[in-house]
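Residue numbers (my numbering): 338 to 511.
Ideal Cβ placement from N, Cα and C applies to all residues, glycine included.
Bear in mind that the values here come from a model prediction, so they are computed numbers and not experimental data.
Down below is the structure, laid out as structure tokens.
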Amino acid sequence: MSAGAGAGVERQARTLPRAKCSSCGRGFTCYPPGIYPRRQYQLDVVAAAVAAVEVGGESIAHAVAASAASATSVRRWSAWIAALAEVGAVHAVAAELDPSGATVATAAPRSRAAAVLDALEVLGAALVRIGVAVVERTGLCCVLGWQHRAHGEVVGLGCRLSPAMARGGRLPGR
């Protein structure tokens with residue numbers, strides 16, 4: 338499921354092509370642009386549901402209705418985002434990418450998940466300002482989508498984002 342042009346969630350049934358490496362014989366799925374691997378709900382939907390609860394203070398029931406996900410999924414997504422990255426490290430990478438434009442949030446976040454979402458918005462905006470082409474709407478998607486396209490990294494539930502991958506010569510466009 339992905340966030341549609343409107344406020345709702347759009348259910349799309351897609352058959353994704355599979356391919357096989359001629360050298361090693363391993364099979365893999367060919368994901369089109371904008372589709373994050375191994376996700377039933379795309380990251381924009383996850384970010385919107387978690388932001389509604391953690392930033393906007395809405396009830397989980399309201400987020401469930403808007404996203405068509407289960408309450409368990411919204412709680413699991415909130416916990417994953419809260420543990421996804423260290424807020425200071427994400428802000429440091431944003432400042433490294435774009436020293437003139439990176440800003441630190443001034444409002445005290447409602448929760449750790451809200452702070453991580455805010456930091457990812459700052460980093461996503463920094464990526465856009467330095468010229469990284471993105472098709473995603475939210476900071477979560479911009480950052481994880483860029484890491485997937487540029488480095489082949491997929492950050493699933495239970496995994497952590499590595500903002501350090503943007504350092505040491507791996508900065509986009511550098």
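Between the CA atoms of Gly438 and Cys358 - distance to the nearest angstrom: Taking the sequence shown and counting its residues from 1, one reaches residue 358 at position 21. Taking the sequence shown and counting its residues from 1, one reaches residue 438 at position 101. Taking the straight line from one Cα to the other gives about 42 Å.
Three-state class that DSSP yields for Gly461 in the structure shown: For this step, residue 461 is matched to residue 124 along the sequence shown. Reduced to three states, the DSSP call for Gly461 is helix.
Validate contact between the stretch 411-419 and the stretch 381-401 using beta carbons, cut 8 Å, 3 pairs: In this structure the stretch 411-419 lies against the stretch 381-401, because at least three pairs of beta carbons, one per stretch, are closer than 8 Å.
Alpha carbon of Arg449 to alpha carbon of Gln484, nearest angstrom: Taking the first residue of the sequence shown as 1, we reach residue 449 at position 112. Taking the first residue of the sequence shown as 1, we reach residue 484 at position 147. Cα atoms of Arg449 and Gln484: separation of roughly 22 Å, rounded to the nearest angstrom.
Continuous alpha helix (DSSP H) stretch holding Ala400: start and end: For the purposes of this step, residue 400 is identified with residue 63 of the sequence shown, where counting begins at 1. That run of the alpha helix (DSSP H) goes 397-404.
Best match in Arg474, Trp414, Arg486, Leu434 for proximity to Ala451 [C-alpha to C-alpha]: Taking the sequence shown and counting its residues from 1, the one referred to as residue 451 is at position 114. When only C-alpha atoms are compared, the closest one is Trp414.
Distance CB(Leu298)-CB(Leu454) smaller than 9 Å: Shown here, the chain extends from 338 to 511; a query on residue 298 therefore has no answer.
Short Cβ contact (9 Å threshold) for Leu460 with Val492: What you label residue 460 is simply residue 123 of the sequence shown in a count that begins at 1. What you label residue 492 is simply residue 155 of the sequence shown in a count that begins at 1. Val492 sits away from Leu460, with the two beta carbons spaced by 9 Å or more.
Contact test: Gly438 Cβ vs the ligand FAD heavy atom, cutoff 8 Å: Because no ligand of any kind appears in the structure shown, any question about the ligand FAD cannot be addressed here.
Rounded separation between Pro446 and Gly425 - CA only: Position 109 of the sequence shown holds residue 446. Position 88 of the sequence shown holds residue 425. Rounded to whole angstroms, the separation of the alpha carbons of Gly425 and Pro446 is 14 Å.
DSSP-derived helix/strand/coil call for Gly364: By one-based count along the sequence shown, residue 364 stands at place 27. Strand.
Presumed contact (8 Å Cβ cut-off) between Ala456 and Val411, rounded CB distance: Reading the sequence shown from its first residue, position 119 is the one you call residue 456. Reading the sequence shown from its first residue, position 74 is the one you call residue 411. Contact doesn't hold; Cβ gap of about 20 Å is too wide.
Per-residue DSSP class, three states only, for Arg474: Taking the sequence shown and counting its residues from 1, one reaches residue 474 at position 137. Coil, per DSSP.
Where Gly482 falls, given that 16 or more other Cβ within 10 Å makes a residue buried: By one-based count along the sequence shown, residue 482 stands at place 145. Under the 10 Å beta carbon count, Gly482 is surrounded by 16 or more other beta carbons and is classified as buried.
Neighbour-count burial assignment, Cys479, 16 or more Cβ in a 10 Å radius: Numbered from 1 along the sequence shown, position 142 holds the residue referred to as residue 479. By the neighbour-count rule (16 or more Cβ atoms within 10 Å), Cys479 is buried.
Which of helix, strand or coil DSSP assigns to Arg449: By one-based count along the sequence shown, residue 449 stands at place 112. Three-state result, Arg449: helix.
Exposure label - Ala398; buried when at least 16 CB within 10 Å: What you label residue 398 is simply residue 61 of the sequence shown in a count that begins at 1. Exposed, since its Cβ has fewer than 16 Cβ neighbours within 10 Å.
Ala406, buried or exposed, once every other Cβ within 10 Å from all chains shown has been counted against 16: Sequence index remark: in the sequence shown, residue 406 carries index 69 (1-based). When all chains shown are included, Ala406 counts as buried.
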